[in-house]
Amino acid sequence: MSEIRNIVILTGAGISAESGVATFRGPGGLWEGHRVEDVCTPEALAHDSVLVHRFYDERRAKLASVEPNAAHVALARLDAEWPGELLLVTQNVDDLHERAGSRRLIHMHGELKSALCAACDARVPWTESLPPRSRCPACGAAELRPDVVFFGEMPYQMDAIDHALSEADLFVSIGTSGAVYPAAGFVRTARYHGAETLELNLERSEGSGWFAETRLGPAGNLVPAWVESLLG
Ligand code: APR
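Each residue of the sequence shown is one higher than the last, beginning at 1 in full-length UniProt numbering.
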């Protein structure tokens, strides 16, 4: 491997699986018989806001009973000790990366512990359940919704992510099925700019063919070993 200074890491639901957070696809991926693609949309929010809010309320409540696992902890150690540039981009809306201690972190699909005002765009810290038509503390409109990026909406901070990918020497993808864009395309952007590419996942993903190397296994084993090999 040529000299590595700038690292971009992408994580998905698989990194939180060993903490007990359900993944979206694969066994147990359905929620009350609904596909995630049918619940996490602006159309579903408009037509059945009770269902959509309940989906996220259940996930927000679950956070109180889960803890970061060895993979989150290893990435936090890398964040603290890596001397070069590092950006951790997560598709996850849980808070396990920050609870483990990661700081250089972007939640590209939003966060469960935040509410978004559809009227004024205020983002409000939120830890309880979020009933439909809750009032925005900033503007008073009864239009607070979960601060998550639905299918068809633009993920957060894409400019910063694209910039980091364009300068990356190494791109690592952990625990994601490679089914959802734009994140599924990051490996190609990184390769285009000359980065090494590594995938750590339980099984081969839709994107595996794009990575120079894929290591298969649980994130709780693979990620600490990879971090150890980088930091020595
Ligand atoms: N260690 C590593 N990988 C794992 C583990 C584990 N312990 N358990 C499962 N995986 C892998 C699965 O094999 C799968 O490839 O994690 C991946 C999880 O895939 P998804 O459930 O599709 O999750 P993700 O890729 O994060 O989904 C992307 O889709 O619904 C949207 O917005 C939602 O951010 C989410 C996006």
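In this text, a Cβ means the ideal position worked out from N, Cα and C, and glycines have one as well. Because the structure is a prediction, the values reported are computed rather than measured.
Is the beta carbon of residue i less than 9 angstroms from the beta carbon of residue j?
i: Y56; j: L170; result: no
i: P146; j: V50; result: no
i: L112; j: V93; result: yes
i: P125; j: S134; result: no
i: G178; j: E206; result: yes
i: P137; j: A122; result: yes
i: E37; j: E167; result: no
i: L116; j: L144; result: yes
i: G14; j: L202; result: yes
i: V148; j: G185; result: no
State the beta-bridge partners of residue i as determined by DSSP.
i: G110; result: V148
i: P125; result: S114
i: S49; result: Paired residue(s): none; S49 is not in a bridge.
i: V89; result: L10 and I106
i: L170; result: I7 and E196
i: R215; result: L200
i: W226; result: Partner(s): none; W226 has no beta bridge.
i: H34; result: W31
Sorted by chain position, which residues of the same chain lie with C-beta nearer than 7 angstroms to residue i's C-beta, five sequence neighbours on each side aside?
i: A74; result: V223, P224 and V227
i: V52; result: V39, A44 and L45
i: P68; result: S19, L96, R99 and A100
i: E81; result: L231
i: V187; result: F171, S173, T197, G207, W210 and F211
i: A76; result: A100, G101 and S102
i: A195; result: A168, D169, L170 and F171
Note down, in chain order, each residue of its chain lying with its Cβ closer than 8 angstroms to the Cβ of residue i, except the 5 sequence neighbours on either side.
i: V66; result: S16, S19, G20, V21, D94 and L96
i: P42; result: F150, G152 and E153
i: A183; result: L10, G12, V89, Q91, M108, P155 and T176
i: R204; result: T214 and L216
i: A61; result: S129
Excluding sequence positions up to five away, which residues of its chain have a Cβ less than 6 angstroms from the Cβ of residue i?
i: L87; result: V8, R104 and A164
i: A70; result: G220 and P224
i: T189; result: L165
i: R59; result: L112
Do the segment 159-178 and the segment 1-14 meet, that is, are 3 or more Cβ pairs less than 8 angstroms apart? yes
Can you confirm whether the segment 150-170 touches the segment 207-221 when touching is taken to mean that 3 or more C-beta pairs between the two stretches lie within less than 8 angstroms? The segment 207-221, when compared against the segment 150-170, does not touch it at the 8 angstroms Cβ threshold.
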